[in-house]
Structure formats: C-alpha cells, structure tokens
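For the protein sequence lines, the chains are A and B, in the order given. Taking the numbering used here, the leading residue of the first sequence gets 3, the next gets one more, and so forth. Taking the numbering used here, the leading residue of the second sequence gets 11, the next gets one more, and so forth. We put the beta carbon where it would ideally sit given N, CA and C, even for glycine.
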Amino acid sequence: SQTIHQWPATLVQPVGSPLSLECTVEGTSNPNLYWYRQAAGRGLQLLFYSVGIGQISSEVPQNLSASRPQDRQFILSSKKLLLSDSGFYLCAWSVEDAVGYTFGSGTRLTVV
Amino acid sequence: QKEVEQNSGPLSVPEGAIASLNCTYSDRGSQSFFWYRQYSGKSPELIMFIYSNGDKEDGRFTAQLNKASQYVSLLIRDSQPSDSATYLCAGVNSGTYKYIFGTGTRLKVLA
C-alpha cells in the first residue's frame with residue numbers, strides 16, 4: 003500500500019533562518035506531488051506541484067522554493083524565513099488526480 | 011477567479027441527527043468534487059469523491075452533486091461526536107485541473 007511521510011511534525015524557527023521540509027512517498031511510482039500551506043483559520047493554498055523529477059511548477063511568488071531530486075521525494079525550502087511563512091505545511095500525492103489527493107501528516111511551522 | 015465556497019460554521023447537530031454540509035462552486039466546467047475531513051491539528055483525509063449528478067453513498071456518508079445549480083453537499087447520517095471536525099470541499103478547475111479548496115465548515119456533534 004502507498005504511504006506518505008512528512009517531517010518534521012513541528013518546527014519553530016527564527017526569522018531569517020533557512021528551512022527544509024521533506025516529503026517521501028512509498029509504494030507508488032511517478033506520483034504527482036504537491037506542497038500546500040494552511041494558515042490559521044484559512045483554506046489550503048497550493049504552493050508547488052510536480053509531475054516528475056525536476057519538474058516543479060510554482061503557484062505563488064514568495065521566498066519558498068521546491069525541488070524533486072528523486073521520483074518519490076519532494077522538498078520545500080527557504081533561504082530566509084519571514085514571519086508570514088508561519089503555517090501548517092502539507093505535502094500531498096496522487097497518481098490520478100481524479101481520485102483525490104492523499105495528504106501527509108503535515109508540518110506546523112512557527113516563525114518567531 | 012474560480013472559487014469553491016462553504017459556510018464556515020460552526021454547524022452544531024445533536025448526536026444521532028443528520029448533518030448537512032453544503033458547498034457551491036463557480037466553475038461550471040468542474041466535473042469532479044471531493045470531501046475531506048480535517049480534525050483539529052491534523053491533515054485532511056479524503057472521505058468521498060463524486061463526478062456524476064445525483065447521490066453517492068458510502069456508509070453513513072452521502073455526497074450529492076447538482077451541476078445545474080453548482081452545488082455539492084455531504085450528508086452524515088447518525089452523526090457521532092467523533093464526526094466533529096472541519097469538512098473541506100474541493101473541486102477540480104476545468105482549465106488547470108488543479109484542486110480548488112473551500113475554506114471548510116466546522117461541524118460540532120453534541121453528545
């Protein structure tokens with residue numbers, strides 16, 4: 003069966019520090035991968051998506067970036083965090099978008 | 011801007027009642043819709059998806075889609091306190107094929 007792993011679960015980082023969040027999927031090949039952010043009391047905002055290794059599409063201009071170094075690995079990064087980067091970051095995968103995404107357990111990031 | 015709209019709630023229902031959650035969408039070309047449940051502090055979990063007009067039942071859950079009126083609903087029969095969560099509706103954008111999520115409706119089932 004397919005599983006998605008996302009870590010860390012929580013993170014407190016100072017303003018201006020770097021960020022690296024990792025997501026891996028097991029049990030499937032060539033998944034579509036997504037990074038979402040959910041700010042407190044707000045909806046899910048699509049940040050990046052990838053349909054293959056090295057193929058990244060950005061949805062929102064910001065100081066975040068994403069990379070997909072391996073088929074089942076998706077990384078979200080920042081060189082310098084802002085207070086506004088705080089939120090709940092969710093990785094998701096799908097093979098066929100028509101049957102829905104499966105989300106990872108999420109990382110709660112607080113920038114202080 | 012193609013949108014999916016939900017009433018934020020909270021919607022409070024007594025235990026054992028039917029909870030009715032509604033969602034409207036603006037993209038007339040959307041074909042696929044999804045309901046996710048999100049417990050506080052947790053990630054969303056897919057409950058149901060629906061493509062065709064009418065009803066789709068899965069256990070205590072029934073999804074309803076009315077493309078002419080552009081609304082989707084989720085009925086939860088015999089509501090339990092464990093159903094208390096935020097329910098997110100999502101539709102697939104007909105142009106980009108990306109998911110558009112509503113902001114969610116918070117459901118409280120009162121014991």
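* Given a limit of 7 angstroms on CB to CB distance, which residues of the region 52 to 67 of chain B reach chain D? -> The structure shown contains no chain D; its protein chains are A and B.
* Asked: Since B:Lys118 sits in a beta bridge, which residues does DSSP pair it with?
  -> DSSP output for B:Lys118 lists B:Ser22 as bridge partner(s).
* **Short CB-CB distance (under 8 angstroms) between A:Tyr103 and chain B** => With its beta carbon less than 8 angstroms from one in chain B, A:Tyr103 belongs to the interface.
* Asked: If B:Ala27 sits next to B:Leu21, beta carbons under 8 angstroms apart, how far is it from one beta carbon to the other, in whole angstroms?
  -> Contact doesn't hold; Cβ gap of about 11 angstroms is too wide.
* To do: Would you mind stating whether B:Phe6 and B:Ile60 have Cβ atoms separated by less than 8 angstroms?
  => Shown here, chain B extends from 11 to 121; a query on residue 6 of chain B therefore has no answer.
* Is there a Cβ from chain B that is less than 8 angstroms from the Cβ of A:Arg70? -> For A:Arg70, the answer is no, since every Cβ of chain B falls outside 8 angstroms of its Cβ.
* Asked: Between which two residues does the beta strand (DSSP E) carrying A:Ile58 extend?
  -> Element bounds for A:Ile58: 57 to 60.
* Any Cβ of chain B within less than 8 angstroms of the Cβ of A:Leu48? -> For A:Leu48, the nearest CB of chain B lies under 8 angstroms from its own CB, placing it at the interface with that chain.
* Asked: Between the region 37 to 46 of chain B and the region 84 to 94 of chain A, do at least 3 Cβ pairs fall closer than 8 angstroms?
  -> Fewer than three beta-carbon pairs drawn from the region 37 to 46 of chain B and the region 84 to 94 of chain A are found closer than 8 angstroms, and the two stretches are therefore not classed as touching.
* **Expected contact under 8 angstroms - CB spacing of B:Ala95 and B:Ile110 to nearest Å** => Not confirmed; about 20 angstroms, so no contact.
* For B:Ala73, write down the residues that DSSP places opposite it in a beta bridge. => DSSP, once it has assigned bridges, lists B:Lys66, B:Leu84 as partnering B:Ala73.
* Asked: Is there a Cβ from chain B that is less than 8 angstroms from the Cβ of A:Ser52?
  -> It does not; no Cβ of chain B falls within 8 angstroms.
* To do: Would you check if the distance between the CB atom of A:Leu92 and the CB atom of A:Tyr38 is smaller than 8 angstroms?
  => Yes, the Cβ-Cβ distance between A:Leu92 and A:Tyr38 is below 8 angstroms.
* According to DSSP, what are the bridge partners of A:Gln40? -> As computed with DSSP, A:Gln40 is found in a beta bridge with A:Leu46, A:Phe90.
* **Cβ-based neighbour list, A:Ser107, same chain, cut-off 7 angstroms, excluding 5 preceding and 5 following** => Only Gln8, Ala11 meet the Cβ criterion.
* **Proximal chain B residues relative to A:Val18, where beta-carbon distance stays under 9 angstroms** => For the record, residue 18 of chain A in the displayed sequence is Gly; it is not Val. Those do not exist, as A:Gly18 stays about 27 angstroms from chain B at its closest Cβ, beyond 9 angstroms.
* **Short Cβ contact (8 angstroms threshold) for A:Thr112 with A:Ser88** => Yes.
* Return helix, strand or coil for A:Val14, following the three-state DSSP convention. => Secondary structure of A:Val14 (DSSP, three-state): strand.
* Residue from A:Val114, A:Thr109, A:Trp95 with nearest C-alpha to A:Asn32 -> Taking only the C-alpha atoms, the option nearest A:Asn32 is A:Trp95.
* Measure the beta-carbon distance from A:Gly45 to B:Gly112 and round it to whole angstroms, keeping in mind my assumption that it falls under 8 angstroms. => With a Cβ gap of about 6 angstroms, A:Gly45 and B:Gly112 count as contacting.
* What residues from chain B crowd round A:Leu92, counting only those whose CB sits closer than 8 angstroms? -> In chain order, Ser53, Pro54 make up the part of chain B whose C-beta sits under 8 angstroms from the C-beta of A:Leu92.
* Taking Cβ to Cβ, would you say A:Val97 is nearer than 8 angstroms to A:Thr30? -> One thing to note: A:Val97 has its Cβ within 8 angstroms of the Cβ of A:Thr30.
* To do: Assign A:Thr104 to buried or exposed, taking buried as 16 or more other Cβ atoms, counted over all protein chains shown, within 10 Å of its Cβ.
  => Result: buried.
* Could you tell me which of B:Pro91, B:Gly64, B:Lys108, B:Gly69 sits nearest to B:Tyr81, measuring between CA atoms? => It is B:Gly64.
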